[in-house]
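The sequence shown begins at 36 in the working numbering and counts up one residue at a time.
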Amino acid sequence: MQQQFKTIGITGKPRDRAVVDTMARIAEHLAGQSYTILLDADTWGRRRSSLTVASHATVMQDSDLVIAVGGDGTLLNAARALVDRDAPIVGVNRGRLGFLVDVAPGDLSELDRILAGEYTEDSRMLLEAFIEHEGQVLSRGIALNDVVLHRWNSARMIEFETRVEGELLHRHRSDGLIVSTPTGSTAYAMASGGPIIHPDVDAIGLVAISPHTLSNRPLVINAAATVEILINAEAHNHVRVSCDSQSDLGMVSGGRIVIRRHPKRVRILHPPRYRYFEILRAKLRWGDSNLV
36 MQQQFKTIGI
46 TGKPRDRAVV
56 DTMARIAEHL
66 AGQSYTILLD
76 ADTWGRRRSS
86 LTVASHATVM
96 QDSDLVIAVG
106 GDGTLLNAAR
116 ALVDRDAPIV
126 GVNRGRLGFL
136 VDVAPGDLSE
146 LDRILAGEYT
156 EDSRMLLEAF
166 IEHEGQVLSR
176 GIALNDVVLH
186 RWNSARMIEF
196 ETRVEGELLH
206 RHRSDGLIVS
216 TPTGSTAYAM
226 ASGGPIIHPD
236 VDAIGLVAIS
246 PHTLSNRPLV
256 INAAATVEIL
266 INAEAHNHVR
276 VSCDSQSDLG
286 MVSGGRIVIR
296 RHPKRVRILH
306 PPRYRYFEIL
316 RAKLRWGDSN
326 LV
């Protein structure tokens, strides 16, 4: 039996007029259908509304369903906020590429069908990352797309060591390392030459950023494996660790980065017409004419 929704939260990309206008149109459309609507104040701002405008935290905590208006980044932000709950997300595309936000803003009938229980549900893997030092966890982050070690305030390459399940994988110099979920395999990892991993595959991608080794290749490992990254002591002031390019974990001398699969997953609802390979083909422009 498909889930019934009573309280619907609407969030979006901040400081974007088109996003706020779309939120208003969705809210007005749903207001007469016996739903309780919560508008995210971080996006809505000071615009007047007869509906409830609540803090971002309240919207994420009290909603049975969250509608994210914007691009994939907006949905990523909402996904991390919902990680401790079982509330699903629907993405309305007001961004650019949009692999995850696939409801057209001009066709609210797709949203009506989802709310009526006609949807395809996607369960997506998350990663959790820790900065550890002398047995203590200094910071923690969650990612739906990727955890990335990258240069910060220096043009010099990073020297680091990568271990998988305690076993040495490689020591090399590069601009960083992308540790990606299948969802993130069509983002930064793909742009850096990594493989596209179907979201139903339980795996983690390891993609070096501009490695200084011609033989270096992306690697796909079991999602149950723990990845550890140890950085040259001289480089800790020149690197950062980010989750989904939205949260920064920092780094300390002698610290190590530990990345593993998060025990919980994110629920994303798509229109019933959703087909993964169709989305992939359209977004990457792999051809739309019939050859046979």
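Every residue gets a Cβ at the ideal spot worked out from N, C-alpha and C, and that includes glycine. As the structure is a computational prediction, the values presented were derived from the model and not from experiment.
Asked: V138 vs V182 beta-carbon contact at 9 Å; Found: no
Asked: Proximity below 9 Å, CB of P49 to CB of Y154; Found: no
Asked: Whole-angstrom distance between G105 and L74, CA atom to CA atom; Found: 14 Å
Asked: Nearest-angstrom Cα separation, counted from P123 out to T329; Found: In this structure the chain extends from 36 to 327, so residue 329 is not present and cannot be described.
Asked: 6 Å Cβ shell around L265 - same chain, five flanking residues per side excluded; Found: E196, R291
Asked: Strand pairing of L184, partner residues [DSSP]; Found: L212, V276
Asked: Residues of its chain near M58, where Cβ-Cβ distance is below 6 Å and the 5 sequence neighbours each way are ignored; Found: I45, G47, V104
Asked: Per-residue burial, R83 [other beta carbons within 10 Å of its own, 16 or more giving buried]; Found: exposed
Asked: R295 beta carbon less than 9 Å from that of S328; Found: With the chain running from 36 to 327 in the structure shown, residue 328 is simply not present.
Asked: Alpha-carbon spacing of S282 relative to Q38, whole angstroms; Found: 31 Å
Asked: Pairwise C-alpha distance: N272 and G126; Found: 37 Å
Asked: N- and C-terminal bounds of the alpha helix (DSSP H) containing V104; Found: No alpha helix (DSSP H) contains V104, which is instead part of the beta strand (DSSP E) from 100–105.
Asked: Nearest candidate by alpha-carbon position, reference Q68, set T87, I232, V54, D147; Found: D147
Asked: Same chain only: Cβ atoms within 6 Å of I239, ignoring 5 sequence neighbours per side; Found: I256, A258
Asked: Nearest residue (CA-CA) to T94, options A116, G176, L315; Found: It is Val, not Thr, that sits at residue 94 in the sequence shown. Of the listed residues, the one whose Cα sits closest to V94 is A116.
Asked: Beta-carbon gap between H207 and T248 smaller than 9 Å; Found: yes
Asked: Where A116 sits in the DSSP three-state scheme; Found: helix
Asked: Pairwise C-alpha distance: E194 and I232; Found: 27 Å
Asked: Heavy atom of the ligand FAD within 8 Å of S277 beta-carbon; Found: Ligands are entirely absent from the displayed structure, and the ligand FAD is therefore not among its contents.
Asked: DSSP-derived helix/strand/coil call for A238; Found: strand
Asked: When L212, S220, V274, S277 are compared against P246, the one with the closest alpha-carbon; Found: L212
Asked: Supposed contact pair I102 and H185 - C-beta distance, whole angstroms, cut 8 Å; Found: Going by Cβ atoms, the distance from H185 to I102 rounds to 31 Å, so no, they are not a contact pair.
Asked: N-terminal and C-terminal residue of the beta strand (DSSP E) that D121 is part of; Found: Looking at the DSSP string, D121 is not in any beta strand (DSSP E), and its letter there is neither H nor E.
Asked: CA-to-CA distance, I43 to W27, given in whole angstroms; Found: Within the shown structure, residues of the chain are numbered from 36 to 327, placing residue 27 beyond reach of any answer.
Asked: Chain D contact for G126 (CB, 9 Å cutoff); Found: As a matter of chain content, chain D is missing from the structure shown, which is built from one protein chain.
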